[in-house]
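In the working numbering, the protein residues as written are 231 to 352.
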């Protein structure tokens, strides 16, 4: 849905800018932060996104195996997709079990499809 706020947690400047631009051009309102600490600050202010996109290996997290639970605790009920270049077998070995993963490098249409699925608009 147009105008929905999408929280992007990404420390790679190039990926962050690209994802923000694509979401903005699609009519969303992207909010970019560089680490989990910045997301935590938004949560403590009562701020709430419609959906979240986060790099799996992001600073400020207790680790990739805990990232999903950390973000879900900050923003209960907000759908999350993880963006990563970590292969599935390595993710499993790390204890990461999340169904909504966007594999880097990704097609921009795939990114928008995942966001649409999270918001129930696709």
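For every residue, glycine included, the Cβ atom is placed at its ideal position computed from N, Cα and C.
Considering just the uninterrupted stretch of the alpha helix (DSSP H) at residue i, what are its terminal residues?
i: residue 318; result: 318–323
i: residue 294; result: 294–304
i: residue 245; result: 243–255
i: residue 234; result: That residue, residue 234, is in no alpha helix (DSSP H); it is neither H nor E in DSSP.
i: residue 339; result: 338–349
For residue i versus residue j, is the C-beta distance shorter than 8 Å?
i: residue 330; j: residue 304; result: no
i: residue 252; j: residue 342; result: yes
i: residue 283; j: residue 236; result: yes
Sort out for me which residues DSSP pairs residue i with in a bridge.
i: residue 311; result: 283
i: residue 262; result: 238
Taking residue i as the reference, give the member of the options with the closest Cα.
i: residue 300; options: 239, 234, 235; result: 239
i: residue 285; options: 273, 269, 347, 278; result: 269
i: residue 263; options: 322, 293, 241, 316; result: 241
If you follow the beta strand (DSSP E) that residue i is in, where does it begin and where does it stop?
i: residue 331; result: 331–333
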